[in-house]
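Q: Below are the structure tokens for one structure; questions will follow.
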Amino acid sequence: MSEHRNRARRGHGILSAGLSLALTTAGLLVLGAGPAPQQASAATAAAPAWATATADGFASVDTLGQNGTYGGRDGRTVTVRTQADLEKYATAAEPYVIVVAGAITMNPVGKEIKVASDKTIVGSGTSGHIVGGGFFLGQGVHNVIIRNLTIRDAYQGVWNDKDHDYDAIQMDGAHHVWIDHNDLRNMADGLIDVRKDSTNVTVSWNELSNNNKTFGIGWTENLVTDITIHHNWFRETEQRNPSTDNCAHAHLYNNFLEDVPNTGINSSYGNYSRGSTRMVLENSYFQGMKNPVIKDATATIVQRGNVFSGTSGRNESGGTAFDPKAYYAYTPDSAADVPSLLKSGTGPRGSIGTTTAAASAKAAAATTLTVAKDGSGQYSTVTAAVNAVPANNSSRVVISIKPGTYRETVKVPSNKPHITFQGSGGSRKDTVIVYNNAAGTQKPDGSGTYGTSGSATVAVEADDFQARNLTIANDFNEGANQSLSGHQAVALRTAADKVFLDGVIVEGDQDTLLLDTAGKDKLGRVYVTNSYVVGNVDFIFGRATAVIDRSVITLKKRWDGSSAGYITAPSTAANRKGILIANSTVNGDVSDRTFYLGRPWHAGGDASLDPQTTVRNTSLSAAVRTTPWTDMSGFSWKDDRFAEYRNTGAGSGSASSNRPHLTDAQAADQEVGDWLAGWTPSAS
Numbered sequence: 001m002s003e004h005r006n007r008a009r010r011g012h013g014i015l016s017a018g019l020s021l022a023l024t025t026a027g028l029l030v031l032g033a034g035p036a037p038q039q040a041s042a043a044t045a046a047a048p049a050w051a052t053a054t055a056d057g058f059a060s061v062d063t064l065g066q067n068g069t070y071g072g073r074d075g076r077t078v079t080v081r082t083q084a085d086l087e088k089y090a091t092a093a094e095p096y097v098i099v100v101a102g103a104i105t106m107n108p109v110g111k112e113i114k115v116a117s118d119k120t121i122v123g124s125g126t127s128g129h130i131v132g133g134g135f136f137l138g139q140g141v142h143n144v145i146i147r148n149l150t151i152r153d154a155y156q157g158v159w160n161d162k163d164h165d166y167d168a169i170q171m172d173g174a175h176h177v178w179i180d181h182n183d184l185r186n187m188a189d190g191l192i193d194v195r196k197d198s199t200n201v202t203v204s205w206n207e208l209s210n211n212n213k214t215f216g217i218g219w220t221e222n223l224v225t226d227i228t229i230h231h232n233w234f235r236e237t238e239q240r241n242p243s244t245d246n247c248a249h250a251h252l253y254n255n256f257l258e259d260v261p262n263t264g265i266n267s268s269y270g271n272y273s274r275g276s277t278r279m280v281l282e283n284s285y286f287q288g289m290k291n292p293v294i295k296d297a298t299a300t301i302v303q304r305g306n307v308f309s310g311t312s313g314r315n316e317s318g319g320t321a322f323d324p325k326a327y328y329a330y331t332p333d334s335a336a337d338v339p340s341l342l343k344s345g346t347g348p349r350g351s352i353g354t355t356t357a358a359a360s361a362k363a364a365a366a367t368t369l370t371v372a373k374d375g376s377g378q379y380s381t382v383t384a385a386v387n388a389v390p391a392n393n394s395s396r397v398v399i400s401i402k403p404g405t406y407r408e409t410v411k412v413p414s415n416k417p418h419i420t421f422q423g424s425g426g427s428r429k430d431t432v433i434v435y436n437n438a439a440g441t442q443k444p445d446g447s448g449t450y451g452t453s454g455s456a457t458v459a460v461e462a463d464d465f466q467a468r469n470l471t472i473a474n475d476f477n478e479g480a481n482q483s484l485s486g487h488q489a490v491a492l493r494t495a496a497d498k499v500f501l502d503g504v505i506v507e508g509d510q511d512t513l514l515l516d517t518a519g520k521d522k523l524g525r526v527y528v529t530n531s532y533v534v535g536n537v538d539f540i541f542g543r544a545t546a547v548i549d550r551s552v553i554t555l556k557k558r559w560d561g562s563s564a565g566y567i568t569a570p571s572t573a574a575n576r577k578g579i580l581i582a583n584s585t586v587n588g589d590v591s592d593r594t595f596y597l598g599r600p601w602h603a604g605g606d607a608s609l610d611p612q613t614t615v616r617n618t619s620l621s622a623a624v625r626t627t628p629w630t631d632m633s634g635f636s637w638k639d640d641r642f643a644e645y646r647n648t649g650a651g652s653g654s655a656s657s658n659r660p661h662l663t664d665a666q667a668a669d670q671e672v673g674d675w676l677a678g679w680t681p682s683a684s
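Structure below.
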């Protein structure tokens, strides 16, 4: 931030956000580029990257003649908008990747399309809805992925409905099935039924809500089923959360079971181990659940690392089970981090879909440059790879960065657009670009100090930049540099349009993420999703039109251990949109009521600016002050644009003159799409 700011702001700490391999691999889905054709498309264009994704957990285990679960990866990619087209391709003998690009209402109500083997059925962004019906996987069906869909509303008005067996996803004797990143709700019967010796199933990163009999497993006397259930948010579901009957191996971890108080839906029980089930239950979070963990006398449950908050009734364990790591690798997140992770990370991811012909052509033309510290790549530094990109390149260049810590500063100049930084490790923590310049750091050539914007570890000045699956950090040590003037230390600075950050960590203390534009009169749109931003003072700031969506904002203590800070400091130009935080979580290991949501930064004392921050549909921890906005450098926040809408959590509060809330009509004009203004982020 500008050197005209108050400089008495300090902070240093460590990254506290829980991260998982599962979120990295399952959550980093490639976003679609533009509208698909009006009819079902069966073109054999280059398949989008998410079509090659494979399952984790028991669905990844090689058995029954199937080597893992990869769906329709080897087939054509088609786009469907009608029930007839969906049925045509889902029931076909050959493999397909089927992109659902709109809401399909099933006729008759309750119809379950019979899916054949070797299929990926995936929603295009958040638009892929199956309404009033679902999918059925019969005996022997295998290698199926159902992903990024909303399946909803077959409910017929009877809560404990005995007459309408309408499920979202039902399988009888299927194997190698991956159900991932879906929103499943309000069905007449089960949201998921895994029945009759179905096995090698993984259910991950789904939101299951507003249902009675939610997730049943079993309906067999045999001990066959192997199932992994991880990172799912069960919310307002009465029973079968899940109920596991006669499972050979049931591995449940990092799930969030929440009974919201004062609603018409009350939990009767949570995780249930029945019959001869052997269950391992670890690092899950149970909020307000009645009978959170129960078992039959003949079943076993091994519990470890779970959190129970406001629960009551039975909480049982006993017997021996199995070691999941004997079957597959996994790394559970801390149970304490599960609510925030799942509130921001479950359900369909925005704008996922197939590529248009133009985007496919661009992808086909993309060049990949490999960076590796150990010399196994084309370049040993990220800077060297950027330097190798020709000026004014017209097509995508992917810089694939192998795991390691790259201690360097990197600049992507304005004449090198269409660059992607892609970490190639299993986690976004595996690939780290880091440096420790601060505003007051002397330049090596003796020409002065870097200033705030010059302190950035990574500076992006080129349009259409993307980054995913990596960490960008500034580890300037304020405690060890108290004599230095200017402790602002930027991790990432963007001064460009159409910047897309997907599945990254941006970590620092003061001034972590500078979202700028190429000029006061220039538009600079930034979309951040499925990511973490970590800091303490003005750590999301600048004049860009920026969206932080489905992400976690982690608050850090200052260098001396104190808690105090400001999340945003927008410097928005008049008649532009500023910073939008939506569908996210604000948390961190800091004291209650110590952080402001934001304050107006009139850079250089420019009174013509009209700073804006909107925080909506976001979970706020108790760290947020009850009066969440404050003045800055003589400018009152009340003269600018600061507001909330339908936030939740201990840090949320009622509307008042010191805490303005948008009306429903105002909020309708402050959606993510309004900020992006015709740009649909699409990963390449």
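Positions 1 to 684 (full-length UniProt numbering) are the ones given, in order, by the sequence shown.
We put the CB at the ideal spot given by N, CA and C, even for glycine.
Predicted, not measured: the structure shown is a model, and the values here were computed from it.
(1) If you drop the 5 nearest sequence neighbours on each side, which residues of the same chain put their C-beta closer than 6 Å to that of residue 319?
(2) In the structure shown, what three-state DSSP assignment does residue 570 receive?
(3) Enumerate in chain order the residues of its own chain whose CB-to-CB distance from residue 276 is below 7 Å, with the five nearest sequence positions on each side excluded.
(4) Taking the C-alpha atoms as reference points, what is the distance between residue 688 and residue 418?
(5) From residue 262 to residue 380, what does the alpha carbon distance come to, in whole angstroms?
(6) Output yes or no for whether 9 Å exceeds the beta carbon distance between residue 336 and residue 285.
(7) Could you tell me the distance, in whole angstroms, from the CA atom of residue 30 to the CA atom of residue 483?
(8) Do residue 550 and residue 536 count as a contact pair if the criterion is CB distance below 9 Å?
(9) Would residue 694 be called buried (16 or more neighbouring beta carbons within 10 Å of its own) or exposed?
(10) Using DSSP bridges, identify the partner residues of residue 472.
(11) At what residues does the beta strand (DSSP E) containing residue 243 begin and finish?
(12) Smallest Cα separation from residue 174: which of 324, 66, 293?
(13) Decide yes or no for the touch test of the stretch 307-319 against the stretch 133-148: beta carbon pairs closer than 8 Å, at least 3 of them.
(14) List the DSSP bridge partners of residue 209.
(15) Pair every Cβ in the stretch 503-510 with every Cβ in the stretch 469-484, then say whether three or more of these pairs are closer than 8 Å.
(16) In the DSSP assignment, find the alpha helix (DSSP H) that holds residue 199 and state where it starts and stops.
(17) DSSP on residue 671, reduced to helix/strand/coil?
(18) Under a three-way DSSP split, which group does residue 269 fall into?
(19) Are the beta-carbon atoms of residue 180 and residue 214 separated by less than 9 Å?
(20) Buried or exposed for residue 544, please, with buried defined as at least 16 other CB atoms from any protein chain shown within 10 angstroms of its CB.
(21) The beta strand (DSSP E) with residue 309 in it runs from where to where?
(22) State yes or no: is the C-beta of residue 460 within less than 9 Å of the C-beta of residue 406?
(23) Assuming the contact rule is C-beta atoms closer than 8 Å, residue 586 and residue 619 should be a hit. Round their C-beta distance to whole Å, please.
(24) Assuming residue 330 contacts residue 610 under a Cβ cut-off of 8 Å, what Cβ separation, rounded to an integer in Å, is found between them?
(25) Could you please give me the residues that DSSP links to residue 549 through a beta bridge?
(26) First and last residue of the beta strand (DSSP E) that includes residue 295?
(27) Note down, in chain order, each residue of its chain lying with its Cβ closer than 6 Å to the Cβ of residue 147, except the 5 sequence neighbours on either side.
(28) Quick one: grab the DSSP three-state call for residue 462.
(29) Exposed or buried, residue 325, counting other C-beta atoms within 10 Å across all chains shown (16 or more means buried)?
(30) Along the chain, where does the alpha helix (DSSP H) containing residue 387 start, and where does it finish?
(31) Kindly give me the distance between the Cβ atoms of residue 598 and residue 645, rounded to whole angstroms, as I take these residues to be in contact under 8 Å.
(32) Looking at the structure shown, is residue 411 part of a helix, part of a strand, or coil, going by DSSP?
(33) Can you name the start and end residues of the beta strand (DSSP E) that residue 597 belongs to?
(34) Count the other C-beta atoms from every protein chain shown that fall within 10 angstroms of the C-beta of residue 416, then say buried if there are 16 or more, exposed otherwise.
(35) Excluding the five sequence neighbours on either side, which residues of its own chain have a C-beta within less than 6 Å of the C-beta of residue 485, listed in chain order?
(36) Do you know whose CA, among 443, 463, 378, lies nearest residue 391's CA?
A: Looking at the atomic coordinates:
(1) 300
(2) strand
(3) 223, 246, 298, 299
(4) The structure shown does not extend to residue 688, since the chain is modelled only from 1 to 684, so the question has no answer here.
(5) 57 Å
(6) yes
(7) Its pLDDT being 30, under 50, residue 30 is placed unreliably in this model, and the value from its coordinates should be taken loosely. Whole-angstrom Cα-Cα distance: 45 Å.
(8) no
(9) Absent from the model: residue 694. The displayed extent of the chain is 1 to 684, so no value can be given.
(10) 433, 506
(11) 243-245
(12) 66
(13) no
(14) 185, 235
(15) yes
(16) Counting along the chain, residue 199 falls outside any alpha helix (DSSP H), though it belongs to the beta strand (DSSP E) covering 199-204.
(17) coil
(18) coil
(19) no
(20) buried
(21) 307-309
(22) no
(23) 7 Å
(24) Residue 330 to residue 610, Cβ: 48 Å. No contact.
(25) 529, 582
(26) 293-295
(27) 122, 180, 181
(28) coil
(29) exposed
(30) 382-388
(31) With a Cβ gap of about 15 Å, residue 598 and residue 645 do not count as contacting.
(32) strand
(33) 595-598
(34) buried
(35) 440
(36) 463
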